[in-house]
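Engineer: Chains A and B are the protein sequences, given in the same order.
Here the numbering used here runs 269 ahead of the position in the first sequence, where the first position is 1.
Here the numbering used here runs 22 ahead of the position in the second sequence, where the first position is 1.
Just so it is clear, CB atoms sit at the ideal spot from N, CA and C, and this is done for glycine as well.
Supplied in structure tokens, the structure appears directly below.
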Amino acid sequence: MANYRNIPRVPVREQDPVQRAANFEEVCYGYDADEALTEASRCLHCKNPRCVAACPVNIRIPDFIAALHDGDTARAAAIIGEDSSLPSVCGRVCPQETQCEGSCVLGIKGEPVAIGKLERYVGDWQLEHGAECVRTAPRNGRRVAVVGSGPAGLACASDLAKMGYGVKVFEALHKVGGVLVYGIPEFRLPKERIVAREIDAVKALGVEFETDVIVGRTVTVDSLLDEEGFDAVFIGSGAGLPRFMGIAGENFNGVVSANEFLTRTNLMHAYDPTYDTPIYVGRRVVVVGGGNVAMDAVRTAKRLGAEAAIVYRRSEKELPARAEEVHHARMEGIEFRMLTNPVEVLGDDKGWVRGIRCVEMELGEPDASGRRSPVAKAGSEFDMACDVVVMALGTSPNPLLAATTAGLETDRRGCISADAEGATTREGVFAGGDAVTGAATVILAMGAGRKAAKAIDTYLKNKR
Amino acid sequence: MNYPILEKRLLAENIWSMTVEAPRVARSARPGQFVIVRAGETGERIPLTVADYDAERGSVTIVIQTIGVSTRKICTLEVGEALTDFAGPLGHPSEFVLHPDAAEGRRYLFIAGGVGTAPVYPQVKWLHEHGVRADVIIGAKTRDMLIYTDEMRAVADTLHIATDDGSAGFHGLVTQLLEQLVAQGEHYDEVVAIGPMIMMKFVAATTRKYGLKTTVSLNALMVDGTGMCGACRVTVGGRTRFTCVDGPEFDAHEVDFDEAMRRQAMYRSEEQRRAAIEAERAAGHVCRIGLSNR
């Protein structure tokens, strides 16, 4: 295979930027079979594969790529399936450039293997062929309740079901999928074609879902354990509470959280006139923040017909969003105002947003996170006209579960305290994903869900 | 999930009462809480306060005024049909439910306006069952718009009626009746006002004069109702709070009502636009100027 290393990385086909900036269809088309085969041939099959170590769930990447290259896609799917339950999702939304692909040897002098696109190809093939080789252990008569149907909950539920547990997932919203459904937009992660089918695969394992259940209000962790007969509970309720800046004018009409803006669009389909939920976009939208959620919001605003800009207080280098998302946003005509920080939202005499007052920033000394912290330049205030301001400043876990569950401790950020395996301070209650770490990635949440499934299994076996 | 409608009753023009089978909500609901309701897969999530609940029967009663496309959609459903979603109970129960000892020996005055009369009922009922005295003022524009009078009479110490046109009870606004009651020497320890935002604002202004503790239940706009979106932001005592998870009840004297009213109207023009499209569609008219597909 050494001869193949000079083949350039196979480019992935994408929807034309001008066209896609006006629709919600998926941006990236992914590889076809030939493209996947060629790209798979580029892997060097390193003896010490750095990509595996860099993957948060340690997928055996060279092995699945080898299987793919051998034309055995089903085996490739089975290899990924050992470590990941959502390959079609992770192939689309993982930050590969800082994980597997970021450590690929080929990337030192050239382009790394397109591991993410290959994973996506295998995942989609599997959804298409329904080929998941489900080896479910016989039912062991024990039941586990899972709180939240996002990546952590889905991963935990499917692993437990495979081990033979009866699993029921409780979701607060009317639709299953958590952030995959309300947060990540259709153009990055198709809901019916991908998310719904990944969830169907979990249902096929025998996992039950109940929507409209807010654990902490409709039922409690205690009532699940004491009255409904569950033997253990896994909390994967995510980090759903939006942050605001605390600046003047933030409650003017037209200032929304990215969560609200994206939930109206994704979960409630506000972009589709056959749905009843409204969304206000105006002519010009300013999105404050530099993460993936900010990119999702600004690209959504553009698709809803607005001029859209990102305002971020650090420089482009520090943007926490994936490079691919920033690149896509630029191609779609998004304006980027770097080293800019809002100090006040400006309103008209009726209390609607008319603009945002910002200051220019410059980078000073590195802070605790290692990033150079931005400092305002004196006298640099300026106004940007806009109708809508979207605050994409991050989210924190909902305090409801901790507040209604005796003995469940949280840290000072409101995150549920759990050990590396997911055990919380309350016996029989496990947690993982954003509810424990604060807002992070799909793959980390999925990994935490799987670890917790193992820990729950051990706990219940010892309890027997 | 499906939530069958067990009973449906027209209470006044455009105001319906619906009793819905929702066993989990019925078991957990307490006075002061609300639910999120959705009718149909394309429906909006609408927050509605709980008007009554019966844990044994597994049913919850809601009262809805048809003011837009979504509320109308909910009200077109008949007994035997079902709501698509009925999630809750959400928000905190009323303070006296959380701290019943503190309510002992106190005298409450509830001021209910329009459709806001419905959520007052379970609160007064709860106090009645716990031996706490509570008077109630129900206000409406006119006699025909009064709701829940019989139910309320059964649980209130004294029920007062006020109509704007004098067609029933006191001729005037609830705030004027409140002033009259105080002038007559009635003593209350606490006022709870639930109704249109403008009514709550003026009740708050009136009771402030008397230094009378007042609680209001805010009906802010919401999407999820669980703290995720922040659409229901309200300024209370100079701090931004979320109505859904911090409320829905707040100290009336701390609430910025002008901001709350403005925020409540956020999507009004958008709703009107959609309602117009809906009406046109119903009339068989196909829009050719692009209104229906922006």
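CB Met630 of chain A to CB Leu608 of chain A, shorter than 8 Å?
Structural biologist: Against the first sequence, residue 630 of chain A aligns to sequence position 361. Against the first sequence, residue 608 of chain A aligns to sequence position 339. Yes.
Engineer: Flag this pair as yes or no: are the beta carbons of Gly523 of chain A and Val622 of chain A separated by less than 8 Å?
Structural biologist: Residue numbering aside, residue 523 of chain A sits at position 254 when the first sequence is read from its first letter. Residue numbering aside, residue 622 of chain A sits at position 353 when the first sequence is read from its first letter. Result yes, Cβ atoms of Gly523 of chain A and Val622 of chain A sit closer than 8 Å.
Engineer: Look at the Cβ atom of Ile133 of chain B, then the Cβ atom of Val225 of chain B, and state whether they are nearer than 8 Å.
Structural biologist: Here residue 133 of chain B refers to the residue found at position 111 when the second sequence is read from its first residue. Here residue 225 of chain B refers to the residue found at position 203 when the second sequence is read from its first residue. Yes, Cβ-Cβ distance for Ile133 of chain B and Val225 of chain B is below 8 Å.
Engineer: With a floor of 4 residues, list each alpha helix (DSSP H) that falls wholly inside the stretch 281-320 of chain A, ordered by position along the chain.
Structural biologist: For the stretch 281-320 of chain A, whole alpha helix (DSSP H) runs of length 4 or above, ordered along the chain, are 286-289, 302-309.
Engineer: Suppose the cutoff is 7 Å on Cβ atoms and the five residues either side in sequence are ignored; what does the same chain contact list for Arg641 of chain A look like?
Structural biologist: Sequence index remark: in the first sequence, residue 641 of chain A carries index 372 (1-based). For Arg641 of chain A, where only same-chain residues beyond five positions count, the Cβ hits under 7 Å are Leu632, Gly633, Glu634, Pro635.
Engineer: Quick check: the Cα distance between Asp481 of chain A and Val416 of chain A, rounded to an integer number of angstroms?
Structural biologist: If you number the first sequence from 1, residue 481 of chain A lands on position 212. If you number the first sequence from 1, residue 416 of chain A lands on position 147. Their backbone Cα atoms lie some 12 Å apart in a straight line.
Engineer: Using a Cβ-Cβ cut-off of 7 Å (strictly less than) and excluding sequence neighbours within five positions of Gly716 of chain A, which residues of its own chain qualify?
Structural biologist: Looking up residue 716 of chain A in the first sequence gives position 447. Within the same chain, Gly716 of chain A has close Cβ partners Pro325, Val326.
Engineer: Determine, using beta-carbon pairs with one atom in the stretch 590-607 of chain A and one in the stretch 559-568 of chain A, whether at least three such pairs fall under 8 Å.
Structural biologist: With a cut-off of 8 Å, the stretch 559-568 of chain A and the stretch 590-607 of chain A count as touching, because enough Cβ pairs lie within range.
Engineer: Can you pull the chain A neighbours of Ser92 of chain B, defined as C-beta to C-beta under 8 Å?
Structural biologist: In the second sequence, residue 92 of chain B corresponds to position 70, counting from 1. The contacting residues are Asp545.
Engineer: Kindly provide the ranges of any alpha helix (DSSP H) runs that are 4 or more residues long and lie completely inside the stretch 648-689 of chain A, ordered along the chain.
Structural biologist: Runs of the alpha helix (DSSP H) inside the stretch 648-689 of chain A: 669-673.
Engineer: Could you spell out where the beta strand (DSSP E) holding Asp14 of chain B opens and where it closes?
Structural biologist: Nothing can be reported for residue 14 of chain B, as the shown portion of chain B is limited to 23 through 316.
Engineer: Closest to Tyr549 of chain A by CA distance: which of A:Gly558, A:Lys571, A:Gly559 is it?
Structural biologist: Along the first sequence, read from residue 1 onward, the residue named residue 549 of chain A stands at position 280. Ranking the options by Cα distance to Tyr549 of chain A, first place goes to A:Lys571.
Engineer: Looking at chain B, is there any beta carbon in it that lies within less than 8 Å of the beta carbon of Tyr549 of chain A?
Structural biologist: Taking the first residue of the first sequence as position 1, residue 549 of chain A is located at position 280. Tyr549 of chain A counts as touching chain B.
Engineer: DSSP state of Asp469 of chain A, grouped into three classes?
Structural biologist: Along the first sequence, one-based indexing puts residue 469 of chain A at 200. In the structure shown, Asp469 of chain A sits in a helix (DSSP, three-state: H, G or I).
Engineer: Closer than 6 Å by C-beta to Leu423 of chain A: which residues in its own chain qualify, once you throw out the five before and the five after it? Chain order, please.
Structural biologist: Sequence index remark: in the first sequence, residue 423 of chain A carries index 154 (1-based). Closer than 6 Å at Cβ, skipping near neighbours: Val471.
Engineer: Helix, strand or coil for Ser372 of chain A? Go by DSSP, reduced to three states.
Structural biologist: On the first sequence, residue 372 of chain A is found 103 positions in, with the first residue counted as 1. Reduced to three states, the DSSP call for Ser372 of chain A is helix.
Engineer: Per the DSSP calculation, Leu510 of chain A is bridged to which residue(s)?
Structural biologist: Within the first sequence, residue 510 of chain A is the residue found at index 241, counting from 1. For Leu510 of chain A, which the question treats as bridged, DSSP gives the partners A:Ser665.
Engineer: Consider the Cβ of Glu510 of chain A: report whether some Cβ of chain B lies at a distance smaller than 8 Å.
Structural biologist: Your numbering for residue 510 of chain A matches position 241 in the first sequence. Just to set this straight, residue 510 of chain A is Leu in the shown sequence, not Glu. With 8 Å as the cut-off, Leu510 of chain A counts as an interface residue toward chain B.
Engineer: Ignoring anything shorter than 4 residues or poking outside the stretch 545-618 of chain A, list the alpha helix (DSSP H) runs there in chain order.
Structural biologist: Entirely contained in the stretch 545-618 of chain A, the alpha helix (DSSP H) runs reaching 4 residues are, in chain order, 561-572, 592-600.
Engineer: Check for me: the beta strand (DSSP E) holding His182 of chain B runs from which residue to which?
Structural biologist: Here the question's residue 182 of chain B lines up with position 160 in the second sequence. 181-185 is the span of the beta strand (DSSP E), which, as asked, contains His182 of chain B.
Engineer: Got a sec? Which residues, its chain only, sit under 6 Å from Phe118 of chain B by beta carbon, not counting five neighbours each side?
Structural biologist: For this step, residue 118 of chain B is matched to residue 96 along the second sequence. The residues are Ala125.
Engineer: Of all Cβ atoms in chain A, is any one closer than 8 Å to the Cβ of Glu117 of chain B?
Structural biologist: On the second sequence, position 95 is the one that residue 117 of chain B refers to. No - not a single Cβ of chain A is within 8 Å of the one on Glu117 of chain B.
Engineer: Within a Cβ cutoff of 8 Å, which residues of the same chain sit near Arg310 of chain B, ignoring the five residues on either side of it in sequence?
Structural biologist: Start at 1 with the first residue of the second sequence, and residue 310 of chain B comes out as number 288. Any reading at Arg310 of chain B must be qualified, since the residue scores a pLDDT of 49, below 50, and its modelled position is unreliable; no value is offered.
Engineer: Would you say the beta carbon of Ala61 of chain B is closer than 7 Å to some non-hydrogen atom of the ligand MN?
Structural biologist: Judged by which ligands are present, the structure shown has none, so any question about the ligand MN falls away.
Engineer: Below 8 Å, can you find three or more Cβ-Cβ pairs linking the stretch 25-35 of chain B to the stretch 444-452 of chain A?
Structural biologist: No contact exists between the stretch 25-35 of chain B and the stretch 444-452 of chain A.
Engineer: Once you ignore the five residues that flank Met282 of chain A on each side, which residues in its own chain have a CB closer than 7 Å to its CB?
Structural biologist: For the purposes of this step, residue 282 of chain A is taken as residue 13 along the first sequence, with counting starting at 1. At residue 282 of chain A the sequence reads Arg, which differs from the Met that was named. Contacts found: Tyr298.
Engineer: Taking Ser239 of chain B as the query, report the chain A residues whose CB atoms sit under 8 Å from its CB, ordered along the chain.
Structural biologist: Translated into the one-based positions of the second sequence, residue 239 of chain B becomes position 217. The premise fails here: Ser239 of chain B is roughly 17 Å from chain A at the closest Cβ pair, so nothing lies under 8 Å.
Engineer: Are the C-beta atoms of Glu281 of chain B and some chain A residue less than 8 Å apart?
Structural biologist: Against the second sequence, residue 281 of chain B aligns to sequence position 259. With 8 Å as the cut-off, Glu281 of chain B counts as an interface residue toward chain A.
Engineer: What is the residue span of the alpha helix (DSSP H) that Tyr728 of chain A lies within?
Structural biologist: Mapped onto the first sequence, residue 728 of chain A falls at position 459. That run of the alpha helix (DSSP H) goes 711-732.
Engineer: List the residues of chain B whose Cβ lies closer than 7 Å to the Cβ of Val490 of chain A, in chain order.
Structural biologist: As a first step, residue 490 of chain A is located in the first sequence; it is residue number 221 there, counting from the start. Going along chain B, no residue has its Cβ under 7 Å from Val490 of chain A, so there is no contact; the nearest lies around 13 Å.
Engineer: Can you find a CB in chain C that lies within less than 8 Å of the CB of Phe293 of chain A?
Structural biologist: Absent here is chain C; the protein component of the structure consists of chains A and B.
Engineer: Let me check one thing: in DSSP terms, what residues is Val82 of chain B bridge-paired to?
Structural biologist: To locate residue 82 of chain B, count along the second sequence from 1; it is residue 60. According to DSSP, Val82 of chain B bridges with B:Val42, B:Tyr75.
Engineer: Which runs of the alpha helix (DSSP H) spanning at least 4 residues fall entirely within the stretch 409-471 of chain A, listed in chain order?
Structural biologist: Those alpha helix (DSSP H) runs which fall completely within the stretch 409-471 of chain A and span 4+ residues are 420-431, 448-451.
Engineer: Is any beta-carbon of chain B found at less than 8 Å from that of Asn520 of chain A?
Structural biologist: The count along the first sequence starts at 1 and reaches residue 520 of chain A at position 251. Closer than 8 Å to some Cβ of chain B, the Cβ of Asn520 of chain A qualifies, so yes.
Engineer: I need the DSSP call for Val256 of chain B, collapsed to helix, strand or coil.
Structural biologist: Your numbering for residue 256 of chain B matches position 234 in the second sequence. Three-state result, Val256 of chain B: strand.
Engineer: Looking at the secondary structure, which residues open and close the beta strand (DSSP E) in which Val524 of chain A lies?
Structural biologist: Here residue 524 of chain A is taken as the residue at index 255 of the first sequence, counted from 1. Here the beta strand (DSSP E) through Val524 of chain A covers 524-526.
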